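Visitor: The number in my numbering is simply the position in the sequence shown, starting from 1, with 7 added. Using N, Cα and C, we set each Cβ at its ideal position, and we do this for glycine too. Everything numeric in this text was worked out from a predicted model, so none of it was measured.
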Amino acid sequence: MSKSSNVKKVLENCIDKFNFKFKIKNKKNFIIDLYKSKFFLSELNKKVKSNLHFRTRHFKSVYELSVYRNFIYYVIRCIKPNKVVETGVLHGLTTAWILKALHDNNKGKLISIDIKRSDWKKYFKTKMGPGSEFDLDFPENENPGWIIPDYLRKRWKLIYGPSHKFINNFKNVDLFIHDSDHSYKNVKNEVETILKKNKNIPVIIDNFDMNRFSFDYLKKNSPKDGYCKKKYVFIDEVNDNLECHESAIIIQ
Ligand SMILES: C[S@@+](CC[C@H](N)C(=O)[O-])C[C@H]1O[C@@H](n2cnc3c(N)ncnc32)[C@H](O)[C@@H]1O
8 MSKSSNVKKV
18 LENCIDKFNF
28 KFKIKNKKNF
38 IIDLYKSKFF
48 LSELNKKVKS
58 NLHFRTRHFK
68 SVYELSVYRN
78 FIYYVIRCIK
88 PNKVVETGVL
98 HGLTTAWILK
108 ALHDNNKGKL
118 ISIDIKRSDW
128 KKYFKTKMGP
138 GSEFDLDFPE
148 NENPGWIIPD
158 YLRKRWKLIY
168 GPSHKFINNF
178 KNVDLFIHDS
188 DHSYKNVKNE
198 VETILKKNKN
208 IPVIIDNFDM
218 NRFSFDYLKK
228 NSPKDGYCKK
238 KYVFIDEVND
248 NLECHESAII
258 IQ
């Protein structure tokens, strides 16, 4: 079985779990629409081709681009948010999937927070945080989100700087997505600060297993009988060896 067909299968399972837990009527046709969006892929491939470091890559299907991104697309198509906030953009692949979902909803905007590649040395004196070693192939001269197709950018605002400086500023958020520094302190600060001003919204935490925050948060919301007051679903991912593992979580 190819990676793409694995991603498709695992994505369908995640969507089933999400529909069940979050009481969503099955809308898998959203994923079929995405799969058929040839223009989106061709615009993405144009950006890839124009980039010195990545130009040999070519995406033939959205299923080459992870369960996580396609799952987020589905969630956004279902919940139709007015305002999404995300931390951690890097090349902008997940950001492109979020913007594509908002575009297809014909509704909503995205505010992203990231640190300019050229400022990494200034902010990360030693190491950027758990998981950051995977980001080091990001070319020094690129800005976050270089891969995002132009036609999707009108719903997007990018704020430069570390998340702790800005995360307190957001009201009326409908969905929050964490994928910046995966240290306990930073995830806790981002999620708790957002939830303070935006009660009970869904939050997606990528690489949730790089620290204990999600587990502590779920435990804190589980009264003594062990029943958790929060809805949550683990989002599985398929690696290059076609192994499946839990890589992210959505909690509300
Ligand atoms: C894992 S990458 C994001 C990948 C992206 N979400 C995706 O799925 O394609 C991590 C990004 O977080 C940013 N970052 C790290 N610490 C940060 C912080 N404290 N505040 C804002 N951005 C941060 C880095 O600059 C980097 O671009």
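Are there any heavy atoms of ligand 1 lying less than 8 Å away from the beta-carbon of Ile256, as far as the coordinates show?
Guide: No, the beta carbon of Ile256 sits no closer than 8 Å to any heavy atom of ligand 1.
Visitor: Tell me which residues share the same chain as Thr94 and place their Cβ nearer than 8 Å to its Cβ, disregarding the 5 neighbours each side in the sequence.
Guide: Closer than 8 Å at the Cβ level, and outside the excluded window around Thr94, lie Ser119, Ile120, Asp121, Ser170, Ile174, Ile184, His185, Asp186, Ser187, Glu197.
Visitor: Could you tell me the alpha carbon to alpha carbon distance between Asp40 and His110, rounded to whole angstroms?
Guide: Cα-Cα distance, rounded: 12 Å.
Visitor: When DSSP builds the beta bridges, which residues end up paired with His185?
Guide: BP columns for His185 point to Thr94, Ile212.
Visitor: What residue from Asn193, Arg64, Ile31 has the CA that sits closest to Arg84's CA?
Guide: Of Asn193, Arg64, Ile31, the residue nearest in Cα terms is Ile31.
Visitor: Please list, in chain order, all residues of the same chain as Pro88 whose beta carbon is under 7 Å from its beta carbon, the five residues on each side excluded.
Guide: The residues are Gly115, Asp181, Leu182.
Visitor: First and last residue of the beta strand (DSSP E) that includes Glu19?
Guide: From DSSP, Glu19 is part of no beta strand (DSSP E) but of the alpha helix (DSSP H) over 10-28.
Visitor: Run the proximity test for Thr94: is its beta-carbon closer than 8 Å to any non-hydrogen atom belonging to ligand 1?
Guide: Yes; taking the cut-off as 8 Å, the Cβ of Thr94 has a heavy atom of ligand 1 nearer than that.
Visitor: What's the call for Tyr70, buried or exposed, on a 16-neighbour Cβ count within 10 Å?
Guide: It is buried - the Cβ of Tyr70 has at least 16 other Cβ atoms within 10 Å.
Visitor: Could you give the distance in angstroms between the alpha-carbon of Ser229 and the alpha-carbon of Lys238?
Guide: So the two alpha carbons sit approximately 11 Å from each other.
Visitor: Compute the minimum distance between the beta carbon of Leu182 and the heavy atoms of ligand 3, and state whether it is under 8 Å.
Guide: Ligand 3 is absent from the structure shown, which contains only ligand 1.
Visitor: For Tyr70, verify whether its CB is less than 8 Å away from any heavy atom of ligand 1.
Guide: No, the beta carbon of Tyr70 sits no closer than 8 Å to any heavy atom of ligand 1.
Visitor: What residue from Val82, Val91, Leu100 has the CA that sits closest to Phe47's CA?
Guide: With distances taken between Cα atoms, Phe47 lies closest to Leu100.
Visitor: Could you check what DSSP says for Tyr130 in three-state terms: helix, strand or coil?
Guide: DSSP places Tyr130 in helix when its eight states are reduced to three.
Visitor: Spatial neighbours of Tyr42 within its chain, please: C-beta separation below 8 Å, excluding the five flanking residues on both sides.
Guide: Ser68, Val69, Tyr70.
Visitor: What ranges does the alpha helix (DSSP H) occupy inside the stretch 63-127, keeping only unbroken runs of at least 4 residues that lie completely in it?
Guide: Counting only runs of 4 or more, we get 74-86, 100-112.
Visitor: Going by the CB atoms, is the gap between Val74 and Asp213 shorter than 9 Å?
Guide: No. Outside cutoff.
Visitor: Tell me whether Ser254 sits in a helix, a strand or coil according to DSSP, three-state version.
Guide: Looking at Ser254 - three-state DSSP - the assignment turns out to be strand.
Visitor: Can you tell me whether Glu253 is buried or exposed? The criterion is at least 16 other CB atoms within 10 Å of its CB, across all chains shown.
Guide: Answer is exposed; the Cβ neighbour count stays below 16.
Visitor: Less than 9 Å between the C-beta atoms of Asn150 and Tyr191, yes or no?
Guide: No, the Cβ-Cβ distance between Asn150 and Tyr191 is not below 9 Å.
Visitor: Going by DSSP in three states, Glu50 sits in which element: helix, strand or coil?
Guide: If DSSP states are grouped into helix, strand and coil, Glu50 belongs with the helices.
Visitor: Mind checking which residues open and close the alpha helix (DSSP H) that includes Leu225?
Guide: Note, Leu225: alpha helix (DSSP H), 220-227.
Visitor: Distance, Cα to Cα, Asn113 vs His60?
Guide: Going from the Cα of Asn113 to the Cα of His60 covers about 33 Å.
Visitor: Kindly indicate which residue of Lys161, Arg62, Lys24, Ile79 has the alpha-carbon position closest to the one of Phe37.
Guide: Considering only alpha carbons, the answer is Ile79.
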